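Numbering (this note's numbering), first residue to last: 1 to 606. Below is one structure, written out as structure tokens; the observations come after it.
What follows is the structure, given as structure tokens:
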């Protein structure tokens, strides 16, 4: 039997070809043995236990159960019924009688639990070494820390022991380990995945995260696990649309050069510059953003309110069992005893001020791109200076949950010294689909193997272009195209990008005169027509009605025929609006015309 690849598509193809769940279970345990790393798992399901789980699945049916027979690991601060939850502290251990909500949802669609993974104790740390158990070895380079706090989950995924793993992410614990182990780490919008059944670190900020070998897999897991849960007071309903093609032009905010921090790691700096070049090749427009206030927000996380929140989560246990705790964890959380309620409120006030100040900046771009980590640390360097090194690793992660942003860490290549290079794409609350759609293309363009497995990235087809649910296709041709001045009107209405296409050769395009915002007009003609570049976006019925009602004359909405044989509603112009308009059909589309017009203006200016 050839080697079984554990990305979900490949594994399901293997099942369809006759591989059995027993074969998969044998493979899991063989890979655990080959890894020879006692630090990955704190508790491991026996083969018989996994097969007993599988017997309940019924015949192979990846439609009814999209994670049928897919092995996954669970960070050991998340409950799995019948398995001990330790939070990496044996004295804290208990055996839950029911699964955490997310675990239950994943089991319900066919996923199989392999075991509970190691972590920085009580999820306090970004290094992966603050554990009384053996330290997991970084899957890519054993001299590096594995990253924390979700160290075991990241290493298990990177080694191909599991298809995906659950972590938690309060300050970066779902992103830093991903970046250090050459895998994808999806940190969803806080509350999108229920935290019921999770040992809390900071209840107001905690979220379950997903480690996977590919963006498609991470997002698929997120899609089936996300739901509002009455058992979690911080849970909320976040729409999870199918992962589809991204808009061809995205405005991406990056820290301005003067604000970038790499702590003298020139290889990381060059790696980030290369990653930005990759984004530009993908059509992204980069905008430098002052980052001092993001850093100041990040600094709040280990001051006042949120250190006190960590203490509140385990106060009774800590007060009775402090000697049982890891010394670094004990020092950090114990610092809360010197804080007052006034300190906590001062932290909340400071955060609210930063939120108000940064909100328009965050809204001014489609996404942000930051280094996942500013540098890599060797294991010995962290053991020698556990506080400073950990703090620096959180430079680009600590502010994210405080500002209610979502993110996804994605590999972009190797640094010039051969170590992993990763960036994190960040978006506003609920924009998980947008960060994932760009991350998907970034990962594909890197052409990296998956994790530490050596497996090539699988080919992956996006969902079809058929509108989902009750959404209505809208054809846009000018100022509402992605990256154009009025595209925000579509986004504000919740529009989802569908695809780039062309009209049939039955149209001409004009640059209209007298418009406050330059825009074109599309006209259907009986002869001498051309194919014109357009984009298709999707709107819900109510949003579509609001959008159409706001269209000013001489523009209107009619039916536009597309070259793929479909037709959809879109912008057309009244013939009366063509007075003094310039025929720009030869450019093939508005974007090409604007680009050429700008090039001419630049030449004249010089």
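Beta carbons: idealized from backbone N, C-alpha and C, even for Gly. Treat the numbers as computed from the prediction; the structure is a model and nothing was measured.
The DSSP-derived three-state label of residue 533 is strand.
Ranked by Cα distance from residue 159, the options 382, 6, 535 are led by 6.
Secondary structure of residue 561 (DSSP, three-state): strand.
Residue burial is scored here from C-beta neighbours: residue 553 has fewer than 16 other C-beta atoms within 10 angstroms and is therefore classed as exposed. The Cβ-Cβ distance between residue 409 and residue 347 does not fall below 9 Å. Per DSSP, residue 78 is not a residue of any beta strand (DSSP E), being assigned neither H nor E. Around the beta carbon of residue 170, a 10 Å sphere encloses 16 or more other beta carbons of the protein chains shown; the residue is thus reported as buried. Under the DSSP assignment, residue 105 falls in the alpha helix (DSSP H) whose first and last residues are 101-108. Here the stretch 352-372 lies against the stretch 286-297, with 3 or more beta-carbon pairs under 8 Å apart. Note on residue 471: 16 or more other CB atoms within 10 angstroms of its CB, so buried under the neighbour-count rule. Within the same chain, 411 come within 6 Å of residue 448 by CB-CB distance, once the 5 residues on both sides are set aside.
Counting the other CB atoms within 10 Å of its CB gives residue 427 a total of 16 or more, which places it among the buried residues. Boundaries of the beta strand (DSSP E) around residue 507: 507-511.
In the DSSP annotation of this structure, the continuous segment of the beta strand (DSSP E) that includes residue 43 starts and ends at 41-44. In the displayed model, residue 393 falls within a helix according to three-state DSSP.
For residue 435, the enclosing alpha helix (DSSP H) covers residues 432-446. According to DSSP, residue 572 shares a beta bridge with 556. Contact check between the stretch 132-150 and the stretch 174-185: three or more CB pairs, one atom from each, fall below 8 Å, which counts as touching. The three-state secondary structure of residue 499, taken from DSSP, is strand. Secondary structure of residue 403 (DSSP, three-state): coil. Between residue 180 and residue 138, the C-beta spacing is below 9 Å.
For residue 592, the closest C-alpha among the options 483, 573, 498, 581 is that of 483.
Around the beta carbon of residue 134, fewer than 16 other beta carbons lie within 10 angstroms, which makes this residue exposed. Annotated as proximal: residue 507 and residue 525, with beta-carbon spacing under 9 Å.
Bounds of the beta strand (DSSP E) holding residue 473 are 472-476. Around the Cβ of residue 387, a 10 Å sphere holds fewer than 16 other Cβ atoms; the residue is exposed. Under DSSP, the beta-bridge partners assigned to residue 369 are 425.
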